[in-house]
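Enquirer:
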Amino acid sequence: MGVLNVTPDSFSDGGRYTDIDAAVAHAIQMCQEGADLIDVGGESTRPGADRVEAEVEIQRVLPVIRELAAVGIPMSIDTTRAAVAEAALQAGVTVVNDVSGGLADPAMAKLVAEAGCPWILMHWRGHSKYMRELAIYTDVVAEVRQELSARVDAALAAGVSTDKIVLDPGLGFAKRPEHDWRLLAHLDSLVALGFPVLIGASRKSFLGALLADPDGSPRPVAEREAATLAVTVAACQAGAWGVRVHNVRDNVDAIRAWRAVGEARAAAGGMEEGR
Ligand code: PMM
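Just add 506 to wherever you are in the sequence shown, counting from 1, and you've got the numbering used here.
1) Where do the N-terminal and C-terminal ends of the alpha helix (DSSP H) with W687 fall, by residue?
2) Give me the Cβ distance between V754 and A541, rounded to the nearest whole Å; I'm assuming they're in contact under 8 Å.
3) What span of residues does the beta strand (DSSP E) with V672 cover, start to end?
4) Considering only the alpha carbon of each residue, which of V618, G676, G775 lies closest to R750?
5) Starting from G714, trace the alpha helix (DSSP H) both ways and give me its first and last residue.
6) Check whether the region 720–730 and the region 673–690 are in contact - that is, three or more C-beta pairs closer than 8 Å.
7) Answer with buried or exposed for D791, where buried requires no fewer than 16 other C-beta atoms within 10 angstroms of its C-beta.
8) Return the CA-CA distance between W764 and L713, expressed in angstroms with no decimal places.
9) Once the 5 residues before and after A664 are set aside, which same chain residues still bring their CB inside 7 Å of it?
10) Do the region 736–744 and the region 697–711 make contact, defined as three or more Cβ pairs closer than 8 Å?
11) Look at the Cβ atom of D545, then the Cβ atom of D584, and state whether they are nearer than 8 Å.
12) Have a look at A715 and L735 and give me their C-alpha separation to the nearest angstrom.
13) Less than 7 Å between C-beta atoms, sequence neighbours within five positions excluded: which residues of the same chain meet that for T668?
14) Would you tell me roughly how many angstroms separate the C-alpha atoms of G776 and E573, rounded to the nearest one?
15) Can you name, in chain order, every residue of its own chain whose Cβ lies under 6 Å from the Cβ of L693, other than the five neighbours on each side?
16) Less than 7 Å between the CB of I626 and some heavy atom of the ligand PMM, yes or no?
17) Report the partner residues of M628 according to the DSSP bridge assignment.
18) What does I579 pair with, by DSSP beta-bridge criteria?
19) What separation, rounded to the nearest whole angstrom, lies between the Cα atoms of W687 and H629?
20) Let me make sure I understand the geometry here. Which of I579, R587, H752 has the alpha-carbon closest to that of E563?
21) Between the alpha carbons of A698 and E592, how many angstroms are there, rounded?
22) I'd like the list of long-range same chain contacts for L654, defined as Cβ closer than 8 Å, with 5 residues on each side in sequence excluded.
23) Please report how far the alpha carbon of C658 lies from the alpha carbon of Y643, in whole angstroms.
24) Pick out the complete beta strand (DSSP E) segments inside the region 523–605, 3 residues or longer, and give them in chain order.
25) Where do the ends of the alpha helix (DSSP H) carrying V658 lie?
26) Pull up the distance between the alpha-carbon of G748 and that of P720, whole angstroms please.
27) So, helix, strand or coil for I705, using DSSP?
28) For V749, which three-state DSSP category applies?
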């Protein structure tokens, strides 16, 4: 999944793709590089971000979605609002990526159920402005798993089909770096719930903290790519279904290399069995 933030303030690419032509060109490039889905977002979810009105969100994303739909680019809409998701679905998006897992807008579950589209339910405890204060866990892996299971139950109760649900632990959302690492270390426990699992680690602050200078200043966002690739491979190894990334080309390369190792291992196993 390639990230396309059409916002002036997202943490990694904020402001770069607010121009429609630049956004469209970037999305097409990410598809050519191997992205299967372009995640279009019109509201920044970086820690501390202020909310924008639904109308503003719609005005940001719709022109880009319309142009990308016209050239057959597969898209998800990154929104917590049913009104935005509805407008995006009408304009050609086929997947709803809801970082609130349906919690922010009670109308979202019904909309998704009626649309019959896939719904990415991310683990979330509150809007970005306040989420730092919500990063309190006794056992982050068990709590994220349990809170996500509750979101699945709510989705199913609203009529969403089991085969349309994708789960995401929400790295960086009401999580401190140690929580992100523990979730990655125990991804198998989320995968075991039986739904496809999406991971969004790309360039996030837990990587900046890991790679901080000796004086404590975090590694700049643009210099977190190698660490992102390592997390992508670790996530694939743990059974993730997808990764949400900014640099599609490098992540696709990493996945291809990881896959080639697995294929060579499987072929070697087959040869040994045949001997
Ligand atoms: N992270 C961001 C935004 N949307 N959606 C999902 N499903 N998972 C994530 O981890 C996620 C997301 C924040 O990153 P950005 O500012 O680069 O979009």
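C-beta: ideal position from N, C-alpha, C; glycine also. These figures come from a predicted structure and were not determined experimentally.
Expert: Answer, in terms of the structure:
1) 683–691
2) 5 Å
3) 671–674
4) G676
5) 711–716
6) no
7) Residue 791 lies beyond the range of the chain shown here (507 to 781); nothing can be said about it.
8) 21 Å
9) A615, K616, A619
10) yes
11) yes
12) 16 Å
13) L662
14) 47 Å
15) A744
16) yes
17) D674
18) Beta-bridge pairing links I579 to no other residue.
19) 15 Å
20) R587
21) 31 Å
22) G607, L627, H629, L673, P675, L696, L699
23) Going by the sequence as given, residue 658 is Val instead of Cys. Roughly 20 Å between the two C-alpha positions.
24) 544–547, 581–584, 601–604
25) 646–663
26) 33 Å
27) strand
28) strand
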